[in-house]
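One structure is given here, and the rest of the page talks about it.
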Amino acid sequence: MEDAARTLGEAPVVVCSGALQQAYRPGLLLTTPRDTVQRESLQFSGCPVNDGVVMTAVGLEPLHLKRATCIGNTAGASIATVTWSNGERSSVRLDPVEARADGAMQVFTFEGTIGSGRHTGHGVRLVTAVPTLTTLAACVQPSGLTANVGVATLTLLDRPGSEPEREP
Numbered sequence: 001m002e003d004a005a006r007t008l009g010e011a012p013v014v015v016c017s018g019a020l021q022q023a024y025r026p027g028l029l030l031t032t033p034r035d036t037v038q039r040e041s042l043q044f045s046g047c048p049v050n051d052g053v054v055m056t057a058v059g060l061e062p063l064h065l066k067r068a069t070c071i072g073n074t075a076g077a078s079i080a081t082v083t084w085s086n087g088e089r090s091s092v093r094l095d096p097v098e099a100r101a102d103g104a105m106q107v108f109t110f111e112g113t114i115g116s117g118r119h120t121g122h123g124v125r126l127v128t129a130v131p132t133l134t135t136l137a138a139c140v141q142p143s144g145l146t147a148n149v150g151v152a153t154l155t156l157l158d159r160p161g162s163e164p165e166r167e168p
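Quick note on numbering: the sequence shown equals residues 1 to 168 in UniProt numbering.
Below you can see the structure in the form of structure tokens.
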């Protein structure tokens, strides 16, 4: 985590915005804990990196949540696979950093470092936001919150300790 925090102090290489889709099976209830599986995917519409290759999608491995509720989701780290427009893939571990309310949105921040594939060693910050009102309305239904949509911003950062190349 310390490496990711240090990495996040670097300048962004690219910032991507897109759509977030979440699914919970079985659905999350407001205050009644239950074990559930959470699936998330992110779709981006053009996030060019300096070499012309763009990030097209991010898929997160399913999380098996124990005794989760709509107000007490105890998710840990996620493993994400980033898909690039040239067919390459990158793997990144995303650790939860913050969950907060911001107006009518619930905002979640995750940070990590790309561990393999394209841009290995670069830091990543993922911020997702979902509407509070529709989330809570679904949580009080008998089936609970089974699906949610929101927005996401993924920031790819410079490698730790990277310096511009110098002429000899």
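From the three backbone atoms N, C-alpha and C, an ideal C-beta is built for every residue, glycine too.
Two segments are said to touch when three or more pairs of C-beta atoms, one from each, lie closer than 8 Å; by this definition the segment 36 to 46 touches the segment 56 to 68. Boundaries of the beta strand (DSSP E) harbouring Ala129: Gly123 to Pro131, taken from the DSSP string. Residue Leu94 holds the alpha-carbon nearest to the alpha-carbon of Gly123 among Leu94, Ala99 and Val54. Separation of Gly115 and Val53 (C-alpha to C-alpha, rounded to the nearest whole angstrom) is 19 Å. Bridge pairing for Leu65: Thr36 [DSSP].
Inclusion of Gly150 and Thr128 in the CB contact set at 7 Å is warranted, their separation being smaller than that value. Under the three-state reduction of DSSP, Leu60 is assigned to strand.
Comparing alpha carbon positions, the residue from Val107, Gly121 and Arg34 closest to Tyr24 is Arg34. Annotation: Ile71 is outside any beta strand (DSSP E) and is labelled neither H nor E by DSSP.
Listed in chain order, the non-local C-beta contacts of Ser45 below 7 Å within the same chain comprise Gly18, local neighbours out to five positions each way being set aside. CA-CA distance, Leu30 to Gly112, rounds to 29 Å.
For Thr32, same chain residues with a beta-carbon under 6 Å away, outside a window of 5 residues either side, do not exist. Taking the Cβ atoms as the reference, Ser91 lies roughly 6 Å from Gly117, within the contact range of under 8 Å.
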